[in-house]
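Protein chains in written order, with our numbering: chain B, 1 to 359; chain F, 1001 to 1359.
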């Protein structure tokens, strides 16, 4: 592992759409944000809509009539890949916090191993939003020359102290819940309150104040008893947060959350350039890049997207950069598809002709 | 009380500096943010520096050679005024959450009662930052014609849904701590973890990401063991939050915090204008106003300061408005005194001549 420790026989979950061609040079890999699974789109095996359903398919921005699209479930995530909730073969118990520390670099390396198991040695493109945006930078830095086209979406070459402060606090909410039990809870009986609180803070920072002015304003929930000692939600925005938080707390393993959250704080691309960010980007060997960011994003602010674009340009590749004025903040890539789909679709169309898929 | 309930024999703590003149028309009242006490400046009785030490005194912006300055401890605050930590004379136990709901309007009315007990019926000026900025608006709306000059600092006519979401989450952190015990903890044995977490979130939102880029960057604390399962702070910004949070959790009563935090969410000046904000401001009868705000403030954003200034101007008073580019966000009035002192001092100098103090 990048920060020490060894993981025996890691498993990486992935889903794929489209067909790998004979030259094995038409693959596009997607690395995800902190919480999604590899189920980015529906498929015959799993017809449920994915988290980027309209982005992937025949004639869609990630066009499966030309490309073989693979979405990687991050190492550490509880949706099929090895992580703290898995059983440690040495003990027969869940790893919990004995799982080795996960770095963004490990997520990239584990994804690459999964791609190699499919016979893919070079990628037509990598695509990564949020945490995935950090992972794709780590991928290009660790495996120079293996990526032809890069799509960085609301990512970062390193976290800001503001983002670190927020994530550190989220982790403390989880750890402060007595049900966390120092990380040794039984699967399914973890720190649900801590996870609910952490996700509420996440949701607050994933969107934007402007969006909420329009969406909720000061609208109230139907009047409750209104006793002085009653602190239940009175505003719609509070009910919305509760709904989002419950969904997450019921689905996501707490230790996995702690590990992936910390990985985002620790990541610094400068580590791959001997202390120079320019040198780190110079390693990439990427031909074309698309950098997308959102002006209302407080977690991965637009200045960080500009920084990525500037360094990629200085490193010699062709770079297309869009600063979208979406209201939805960091989450805009999931919701403001009117802006994101044409940008990504246009960029992918511009990838030079591949041999027809082997069918 | 504004939202129902009755409080028997409330006590309001205050501190004062300077001398009330014979006409009793040279008083300036300060209402505070959520956490400070009435100890805004040192005095012979209490020589410790106050939270606005350099703002108050002979020749200082709030000039005690001309004015009698009174700082009011908010109703509900644990620093001397009646609040949930006080003993309920009916039971001999702390009120806890049986204390009637506190509205911003009650804080204004309780402050006015304290001023009346000093023989003050009209104010040369009211000054209020943050929560105090809400209180001064409620004061002018409830007691029209009693305030001659208004200083609104990073205040609001109503909270945004973003600010509501943050405060609602902070209250949930406190209530979620098992030591809160439904509000029935013994004084001094309250929900310290919940208060620490809530204050960390407060500190994050009181400052600005830009300030922290400069102040902390990605500087690390001295290396700790670095075990995988060790989630202790690794960055300086995390240590800073911990320090701030401990100070607050040791000093502030949790139920008082819940009550004052909720009061900020519930406040809406429009309630005093029959649904029209313009009508609410039209009641004030204030002659001159100074409205100060900070562009990096995320809790009381600059657009809300502009809104206050616009309405005051429309209501017919003379209005001076400054949008400061301070890096310190909402807390700038406590730290960026190079900007705030000249603005406040200049405005106070412009208050028309008062009779010399009675000495």
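By construction, the Cβ of each residue, glycine as well, lies at the ideal position given by its N, Cα and C atoms.
Computed from a predicted structure; not experimentally measured.
Distance, residue j Cα to residue i Cα
i	j	result
residue 19 of chain B	residue 237 of chain B	44 Å
residue 1334 of chain F	residue 1342 of chain F	14 Å
residue 1358 of chain F	residue 1021 of chain F	Because residue 1358 of chain F sits at a pLDDT of 49, beneath the cut-off of 50, its placement in the model cannot be relied upon, and the point is left open.
residue 348 of chain B	residue 279 of chain B	27 Å
residue 1146 of chain F	residue 259 of chain B	58 Å
residue 951 of chain F	residue 1286 of chain F	This structure cannot speak to residue 951 of chain F, because chain F is shown only from 1001 to 1359.
residue 33 of chain B	residue 74 of chain B	9 Å
residue 1247 of chain F	residue 1051 of chain F	14 Å
residue 2 of chain B	residue 273 of chain B	15 Å
residue 1223 of chain F	residue 1058 of chain F	49 Å
residue 1137 of chain F	residue 211 of chain B	26 Å
residue 1144 of chain F	residue 1056 of chain F	26 Å
residue 1199 of chain F	residue 90 of chain B	42 Å
residue 1235 of chain F	residue 158 of chain B	13 Å
residue 1119 of chain F	residue 1023 of chain F	10 Å
residue 1339 of chain F	residue 1291 of chain F	13 Å
residue 231 of chain B	residue 1266 of chain F	12 Å
residue 1271 of chain F	residue 263 of chain B	47 Å
residue 181 of chain B	residue 1337 of chain F	46 Å
residue 1245 of chain F	residue 173 of chain B	14 Å
residue 1031 of chain F	residue 329 of chain B	35 Å
residue 1081 of chain F	residue 1116 of chain F	16 Å
residue 1028 of chain F	residue 1072 of chain F	11 Å
residue 1110 of chain F	residue 1131 of chain F	15 Å
Distance between beta carbons of residue j and residue i, contact taken as under 8 Å
i	j	result
residue 150 of chain B	residue 126 of chain B	6 Å
residue 85 of chain B	residue 187 of chain B	5 Å
residue 300 of chain B	residue 156 of chain B	5 Å
residue 88 of chain B	residue 79 of chain B	Not a contact, Cβ separation roughly 19 Å.
residue 305 of chain B	residue 154 of chain B	7 Å
residue 208 of chain B	residue 192 of chain B	Actually they do not touch by this definition, with Cβ atoms about 28 Å apart.
residue 228 of chain B	residue 1097 of chain F	7 Å
residue 253 of chain B	residue 190 of chain B	7 Å
Identified DSSP bridge partners for residue i
i	result
residue 167 of chain B	Answer by DSSP bridge pairing: none, since residue 167 of chain B is not bridged.
residue 1031 of chain F	F/1072
residue 1234 of chain F	BP columns for residue 1234 of chain F are empty, so no partner.
residue 56 of chain B	B/62
residue 1149 of chain F	F/1125, F/1288
residue 94 of chain B	B/87
residue 1294 of chain F	F/1324
residue 140 of chain B	DSSP, once it has assigned bridges, lists no residue as partnering residue 140 of chain B.
residue 17 of chain B	B/69
6 Å CB neighbourhood of residue i in its chain, flanking five on each side removed
i	result
residue 166 of chain B	205
residue 26 of chain B	67, 68, 124, 354
DSSP-derived helix/strand/coil call for residue i
i	result
residue 86 of chain B	coil
residue 1329 of chain F	helix
residue 1025 of chain F	coil
residue 1155 of chain F	coil
residue 359 of chain B	Confidence is the limiting factor: at residue 359 of chain B the pLDDT is only 46, short of 50, which leaves the residue's position unreliable, though a coordinate-based value still follows. Three-state result, residue 359 of chain B: coil.
residue 1281 of chain F	helix
residue 1348 of chain F	helix
residue 255 of chain B	helix
residue 1105 of chain F	helix
residue 11 of chain B	coil
residue 1288 of chain F	strand
residue 207 of chain B	coil
residue 1320 of chain F	strand
residue 100 of chain B	coil
residue 1250 of chain F	helix
residue 1220 of chain F	strand
residue 268 of chain B	strand
Same chain only: Cβ atoms within 8 Å of residue i, ignoring 5 sequence neighbours per side
i	result
residue 6 of chain B	100
residue 148 of chain B	122, 123, 124, 125, 286, 287, 288, 351
residue 1048 of chain F	1039, 1042
Close-in-space but distant-in-sequence residues of the same chain around residue i (CB under 7 Å, 5 per side omitted)
i	result
residue 1345 of chain F	1061
residue 113 of chain B	12
residue 108 of chain B	135, 138, 139, 142
residue 170 of chain B	198, 201, 202, 261
residue 1315 of chain F	1281, 1282, 1284
residue 1308 of chain F	1152, 1155, 1157, 1291
Closer than 7 Å at the beta carbon, the chain A residues around residue i
i	result
residue 82 of chain B	Among the protein chains of the structure shown, namely B and F, there is no chain A.
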